[in-house]
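Working notes, structure below.
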Amino acid sequence: MTQAPKLRNDCFALPAGVHWTPVEDALALLEARLQTVVDIEERAVDTSDGRILAKAVMAHRSHPPYANSAVDGYALFGGLAQGEHCFELRDGRAAAGDAFAGSVAPGQALRILTGAALPEGADTVVLQEDVFVEGSKLYVNGPLKQGANARSSGEDVEQGAVLFSAGHVIQPQDIGVLVSVGVVQVKVFKTLRVALISTGAELCAPGIDSRLDQIFDANRPMLRAVLQRWGMQVVDMGIVPDDASLVCQALDEAAEEADVILTSGGASAGDEDHMSSILSEKGNMALWRIAVKPGRPLALGMWKGVPVFGLPGNPVAAFVCTLVFARPALMQLSGSSFSDPKALTLPATFAKNKKAGRREYLRARLRNGAVEAFASEGSGRVSGLSWADGLVELPDEAIQVTAGQLIRFIPYSSFGL
17 MTQAPKLRND
27 CFALPAGVHW
37 TPVEDALALL
47 EARLQTVVDI
57 EERAVDTSDG
67 RILAKAVMAH
77 RSHPPYANSA
87 VDGYALFGGL
97 AQGEHCFELR
107 DGRAAAGDAF
117 AGSVAPGQAL
127 RILTGAALPE
137 GADTVVLQED
147 VFVEGSKLYV
157 NGPLKQGANA
167 RSSGEDVEQG
177 AVLFSAGHVI
187 QPQDIGVLVS
197 VGVVQVKVFK
207 TLRVALISTG
217 AELCAPGIDS
227 RLDQIFDANR
237 PMLRAVLQRW
247 GMQVVDMGIV
257 PDDASLVCQA
267 LDEAAEEADV
277 ILTSGGASAG
287 DEDHMSSILS
297 EKGNMALWRI
307 AVKPGRPLAL
317 GMWKGVPVFG
327 LPGNPVAAFV
337 CTLVFARPAL
347 MQLSGSSFSD
357 PKALTLPATF
367 AKNKKAGRRE
377 YLRARLRNGA
387 VEAFASEGSG
397 RVSGLSWADG
407 LVELPDEAIQ
417 VTAGQLIRFI
427 PYSSFGL
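Numbering-wise, my numbering comes out as the position in the sequence shown, counting from 1, plus 16.
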């Protein structure tokens, strides 16, 4: 087992004089300063779905491992020129899992079934529908290309070929590839453990009698589901009231049990924003004022050697910041690469006059090849997250969006949801 190095305490420090951080700069800083924080373990291929490779995987043998027939027909040597050809039929046949023990000489042919190994001396197969058999004679009209209807050894994957590089997230189809070339075990990174903390005296858990001045904590259940979709292990620390000592206690416990801490609420600089003040006083914190809507305050710091991502408390802002900023960062901490989500360029069905100064993400959905935007941009309208199936990303510069104009749309699926 290989132990991952620890992050530096100053990894989130911003350059001097930075007040508002553009989205691109924020992402570049995160990519440059974060590294894998989880250890390596060995795991059986058939239980590796969703895990991140810690070491490149090579094919243990070729696929297919032997030359074989792609059809039911007759195996023979060489291609056939124009005209009729006659072959002497060998006794016996070749079938999948039942190879022919002899060889096929020039001028001979052997009955062969799909998937069967080509017998020695044969490199071509003629379909059974294209021949005429009379006694021990086989007649076929050419032309027939040499190697037709036959699969060569290793034509899919050669033995020793690199299949997947370190950092690759194993998918179900990858398991099929790995098994087909004889890979039994793979070295993967251990699952990233992410502690979730919600802060705020106004929060209460769903299912209890709430006061009129309380709201249900939507962030923690929502973010827990998001992290589980990404294959991460969630350590749920619950709701912490606006009390500095309780926030410290929760951070202490989270640092003992998790590799990363993800909090929502208290990330700004208000009187009750204890998360940012505590990280500043007792941890190592940089308040990133990111030029983004929704969002802006993102408290990034270290607590007892464990990175902390302090998200905004608003559910819409917390969700968007998790997708845009936390996901690539968490994937890099997990051992994968820091990557941009794949976006589509599609026509808009809406109009919007956007001012310069910050990047905006609109809740949107794809319908009939065009993108609709949610009716309200208010970050309190959490229902818009479910109405949407992705986000429209508008650039930092001023832009006048009109119906039919091509815009950048990022489906939720590009964020791993």
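Backbone N, C-alpha and C fix where the C-beta goes; we use that ideal spot for every residue, glycine too.
Query raised in the report: Going by the beta-carbon positions, is the gap between T365 and A386 smaller than 9 Å?
Result: yes
Query - Within 9 Å, strictly: CB atoms of V340 and L401 - result: no
**Report entry** Closest Cα partner of V137 within the set G118, V195 and E150
**Finding:** Here residue 137 is Gly; the residue named in the question, Val, does not match the sequence. Residue G118 is the option with its Cα nearest to G137.
**Report entry** Counted within 10 angstroms of its Cβ, other Cβ atoms place Y377 as buried (16 or more) or exposed
**Finding:** buried
Query raised in the report: If we count the other Cβ atoms within 10 Å of its Cβ and call it buried at 16 or more, is C102 buried or exposed?
Result: exposed
Query raised in the report: Quick one, which of G151, K161, L362 and E150 has its alpha-carbon nearest L92's?
Result: K161
Query raised in the report: Based on the DSSP secondary-structure assignment, which residues constitute the bridge partners of C102?
Result: Y155
Requested in this report: Go through its chain and collect everything with a Cβ distance to L360's Cβ below 6 Å, but skip five positions before and after it.
Outcome: F425
Query raised in the report: What are the partner residues of S85, as DSSP defines its beta bridges?
Result: A166
Query raised in the report: In chain order, which alpha helix (DSSP H) runs of at least 4 residues are fully inside the stretch 207 to 286?
Result: 235 to 245 and 260 to 273
Requested in this report: Keeping to the same chain, check which residues put their C-beta closer than 7 Å to that of F148; ignore five residues upstream and five downstream.
Outcome: Y155
Query raised in the report: Does the distance from the C-beta atom of V336 to that of I277 stay below 9 Å?
Result: no
Query raised in the report: Hey, is D62's beta-carbon within less than 9 Å of any beta-carbon in chain E?
Result: Judged by its chain identifiers, the structure shown contains no chain E, having just a single protein chain.
Report task. Check whether the stretch 264 to 273 touches the stretch 237 to 247, taking contact to mean three or more Cβ pairs, one atom from each stretch, closer than 8 Å. Result -> no
**Report entry** Range of the contiguous beta strand (DSSP E) that encloses A125
**Finding:** Q124 to I128
Query raised in the report: When the Cβ atoms of the stretch 168 to 179 are set against those of the stretch 65 to 81, are three or more pairs found closer than 8 Å?
Result: yes
Query raised in the report: Mind checking whether A132 and D107 have CB atoms under 9 Å apart?
Result: no
Query raised in the report: Hey, how far is the Cα of G286 from the Cα of K320?
Result: Below a pLDDT of 50, predicted positions are generally treated as unreliable, and G286, at 48, falls in that range; no measurement from the model is reported.
Query raised in the report: Buried or exposed: P21, going by 16 or more other Cβ atoms within 10 Å of its Cβ?
Result: exposed
Query raised in the report: In this structure, does DSSP put V53 in helix, strand or coil?
Result: coil
**Report entry** Distance between A345 and L23 (C-alpha atoms, nearest Å)
**Finding:** 13 Å
Query raised in the report: According to the neighbour-count rule (16 or more other Cβ atoms, all chains shown, within 10 Å of its Cβ), is R383 buried or exposed?
Result: exposed
Query raised in the report: Which residues mark the beginning and the end of the beta strand (DSSP E) in which Q201 is found?
Result: Q201 to F205
Query raised in the report: Going by DSSP, what residues sit across from S119 in a beta bridge?
Result: E136
Report task. Can you check DSSP and say which residues form a bridge with D114? Result -> A111
Query raised in the report: What do you reckon, are the CB atoms on S395 and H184 nearer than 9 Å?
Result: no
**Report entry** R383, DSSP secondary structure in three states
**Finding:** strand
Query raised in the report: In angstroms, rounded to a whole number, what distance separates the CA positions of L6 and T207?
Result: Residue 6 lies beyond the residue range present for the chain, which begins at 17 and ends at 433; the question has no answer from this structure.
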